[in-house]
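For the sequence shown, the numbering used here begins at 114 and goes up steadily by one.
Notes follow the structure.
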Amino acid sequence: MGHEGAPPGPGGEKRSAQHEGAPVKAALLEALAAAVGPAQVLTEGDLSAWEVDWRKRYRGRALAVVRPATTAEVAAVLRACAAHGTAVVPQGGNTGLVGASVPDASGTQVLVSLARLNRVRAVDAANLTLTAEAGCVLQAVQEAAAAQDLLFPLSLAAEGSCTIGGNLATNAGGTQVLRYGNARELCLGLEVVTPAGEIWDGLAGLRKDNTGYALRDLYIGAEGTLGVITAATLKLCPQPAARMTALASCADLEAATRLLQLAHARLGPGLTGFEVMGDLALTLVARHFPQLRRPLAPDPAAPWTVLVEQSDSEGEAHARGLFEGLLEAALESGLIADAAVAESVAQSKAMWHLREAIPLAQAEEGANVKHDIALPVSRVAAFVAATDTLLQRAFPGVRLVNFGHLGDGNLHYNVQAPDGVAAADFLREHEHAVNTIVYDAVGRFGGSISAEHGIGALKRDELAARKSPVALALMRDIKRALDPDGRMNPGRVL
Ligand SMILES: Cc1cc2nc3c(=O)[nH]c(=O)nc-3n(C[C@H](O)[C@H](O)[C@H](O)COP(=O)(O)OP(=O)(O)OC[C@H]3O[C@@H](n4cnc5c(N)ncnc54)[C@H](O)[C@@H]3O)c2cc1C
114 MGHEGAPPGP
124 GGEKRSAQHE
134 GAPVKAALLE
144 ALAAAVGPAQ
154 VLTEGDLSAW
164 EVDWRKRYRG
174 RALAVVRPAT
184 TAEVAAVLRA
194 CAAHGTAVVP
204 QGGNTGLVGA
214 SVPDASGTQV
224 LVSLARLNRV
234 RAVDAANLTL
244 TAEAGCVLQA
254 VQEAAAAQDL
264 LFPLSLAAEG
274 SCTIGGNLAT
284 NAGGTQVLRY
294 GNARELCLGL
304 EVVTPAGEIW
314 DGLAGLRKDN
324 TGYALRDLYI
334 GAEGTLGVIT
344 AATLKLCPQP
354 AARMTALASC
364 ADLEAATRLL
374 QLAHARLGPG
384 LTGFEVMGDL
394 ALTLVARHFP
404 QLRRPLAPDP
414 AAPWTVLVEQ
424 SDSEGEAHAR
434 GLFEGLLEAA
444 LESGLIADAA
454 VAESVAQSKA
464 MWHLREAIPL
474 AQAEEGANVK
484 HDIALPVSRV
494 AAFVAATDTL
504 LQRAFPGVRL
514 VNFGHLGDGN
524 LHYNVQAPDG
534 VAAADFLREH
544 EHAVNTIVYD
554 AVGRFGGSIS
564 AEHGIGALKR
574 DELAARKSPV
584 ALALMRDIKR
594 ALDPDGRMNP
604 GRVL
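This is the structure in structure tokens:
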């Protein structure tokens with residue numbers, strides 16, 4: 114079995130035949146090789162690209178990494194795994210943030226990488242749809258739509274490496290949910306391989322189809338625990354005629370929330386993005402990516418920066434009139450202290466780079482306790498005020514790196530060790546207590562412990578403790594019905 118494109122592991126050790134029944138394993142590897150060809154069944158050398166997650170929190174060991182290139186090959190792989198009672202972990206771009214895309218440490222799970230299943234099968238401009246295979250990188254889908262002068266609006270910082278299958282399996286959100294919805298709302302149909310290796314073709318690009326249960330919606334957001342998504346029919350939109358982007362500084366989150374309300378009123382459906390960034394988040398970006406210019410100088414009296422984006426179907430003059438009217442009204446009423454409007458596509462991109470660099474800057478700064486939470490927009494400011502106080506009281510000097518999609522009520526409310534305290538020590542000693550404070554507050558404010566990243570392994574116990582027992586029982590029933598042997602991504606979500 115080969116391992117293309119990666120050097121052998123330390124000492125070039127053979128990894129095969131070390132686990133459980135060697136003959137059983139050999140028979141499975143043979144069946145997998147028959148399904149996809151021996152070169153696409155990787156068992157030797159450095160497999161860390163597939164076995165270690167993006168945050169480097171989860172390090173697993175796969176029985177084999179299998180790389181099918183067609184739906185039929187995926188089905189053959191899943192039939193082989195079913196015949197041997199073997200667990201399957203689907204993987205796309207391995208950019209997930211909740212420890213759901215890598216195998217566990219048992220060495221008994223087959224990692225199915227969808228990366229080679231990466232064709233755009235069709236663009237139907239009249240139907241405003243695009244059908245892509247699961248391993249298509251999000252950016253490639255955006256580019257295929259743009260080539261037809263159409264827009265696929267899902268957009269997130271990992272778009273150069275995450276895949277459509279992973280986006281759907283996590284029901285990804287990103288920066289344009291406010292206007293266009295999350296991955297679920299952008300998907301009209303799916304093709305799925307079941308744990309038994311059967312293919313369900315639900316790809317018809319219909320906007321209306323009331324023929325029974327919405328199977329598509331079960332697989333979206335299931336994090337690979339019910340089946341393998343092999344293709345999707347996605348919704349496209351007309352490209353906007355003009356885009357406006359600005360950064361504005363606000364004294365507090367209360368003002369930022371009122372600015373959001375004003376933006377809704379002034380821009381209507383043209384309001385496409387509304388991101389918020391706390392001062393510490395931008396300070397970390399300046400520290401780790403000094404080449405990124407900050408158009409608004411840090412202002413202690415206005416420590417929150419908002420990124421507002423508008424898309425307009427009429428044109429530049431119309432967009433600018435509305436957008437500048439919004440910012441003038443906000444300045445006059447004291448909602449914002451200052452603003453900078455992007456005068457070119459390059460300046461707009463630079464503003465987005467600042468926002469998108471935050472998770473990368475945080476990773477550079479050291480491990481942190483991440484929270485991807487959703488709250489009613491109207492309660493975000495009160496939540497942050499109350500929770501900041503509780504955390505500072507419990508862990509004096511703790512650094513709160515707060516940013517996110519305020520327009521959707523989705524905060525990345527991350528907790529970094531106090532200056533001078535080793536990140537690893539802080540996490541080891543306090544992660545659980547930090548989570549308890551944050552998630553208890555989320556509960557009190559009527560929010561959700563996962564907005565867009567999913568549950569994975571990271572939040573599985575929190576889900577079990579905090580989701581309603583009725584909802585959990587229904588979810589377990591669905592899992593049993595669709596994956597009766599519990600072999601799909603075990604230990605994740607439920
Ligand atoms: C820098 C950065 C920024 C991010 N920003 C955002 C953001 O703004 N919004 C947001 O929502 N998320 C964001 N994410 C996390 C997000 O979940 C992923 O980037 C993306 O949606 C996952 O796609 P992937 O192909 O990498 O999936 P993977 O990481 O490979 O897998 C994620 C999950 O999906 C499952 N899966 C993958 N492919 C399939 C398939 N074909 N069939 C069934 N299950 C499958 C896996 O088993 C796993 O449970 C960010 C991540 C990074 C690293």
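Think of the CB as a built atom: it goes at the ideal place given N, C-alpha and C, for glycine as much as any other residue.
Taking 8 Å as the cut-off, does the stretch 534–554 touch the stretch 477–497 (at least 3 CB pairs, one atom from each stretch)? yes
Please state if the CB of A480 and the CB of I342 are separated by a distance shorter than 8 Å. no
As a quick exercise: from A296, V306, A177, A317, pick the residue whose alpha carbon is nearest that of D237. Relative to the Cα of D237, the nearest Cα in the group A296, V306, A177, A317 belongs to A317.
Coarse secondary structure for N523, derived from DSSP in three states: strand
At what residue ranges does the stretch 163–231 contain a whole run of the beta strand (DSSP E), taking only runs of 3 or more? You should have 175–179, 201–204, 222–226.
Would DSSP call E427 helix, strand or coil? coil
Which word fits P216, buried or exposed, when buried means at least 16 other C-beta atoms lie within 10 angstroms of its C-beta? By the neighbour-count criterion, in which a residue is buried when 16 or more other Cβ atoms sit within 10 angstroms of its Cβ, P216 is buried.
Reference S219, options T183, N280, A175, closest by Cα: A175
If we ignore side chains and look at the alpha-carbon of each, how far apart do A195 and D412 end up? 59 Å
Might you give, ordered along the chain, the residues of its own chain that have their beta carbon closer than 8 Å to the beta carbon of P489, omitting 5 neighbours on each side? G522, F558, G559, G560
With C-beta atoms as the reference, is S274 less than 8 Å away from V290? Taking 8 Å as the cut-off, the beta carbon of S274 is found no closer than this to the beta carbon of V290.
Where does L301 land, buried or exposed, given buried means 16+ other C-beta within 10 angstroms? buried
CB-CB length for E311 against T184, believed under 8 Å: Not quite, the Cβ-Cβ distance comes to about 11 Å (not below 8 Å), so this is no contact.
Taking only three categories from DSSP, how would you classify L448? coil
Length at least 4, wholly inside the stretch 467–522: the alpha helix (DSSP H) runs in chain order: 493–507
State buried or exposed for Q505, treating a residue as buried only when at least 16 other CB atoms are found within 10 Å of its CB. exposed
Bounding residues of the beta strand (DSSP E) (the contiguous stretch that carries E157): Looking at the DSSP string, E157 is not in any beta strand (DSSP E), and its letter there is neither H nor E.
Tell me whether L210 is buried or exposed, calling it buried when 16 or more other Cβ atoms sit within 10 Å of its Cβ. Under this definition L210 is a buried residue.
Buried or exposed for L420, please, with buried defined as at least 16 other CB atoms from any protein chain shown within 10 angstroms of its CB. buried
Going by C-alpha to C-alpha distance, which of A147, F516, D166, T221 sits closest to V137? T221
Leaving out the 5 sequence neighbours to the left and right, which residues in its chain are closer than 8 Å to N602 when beta-carbon positions are compared? A200, V201, V202, P203, A213, E336, G337, T338
Closer than 7 Å: H466 CB and nearest ligand 1 heavy atom: no
DSSP three-state assignment for G318, whether helix, strand or coil: coil
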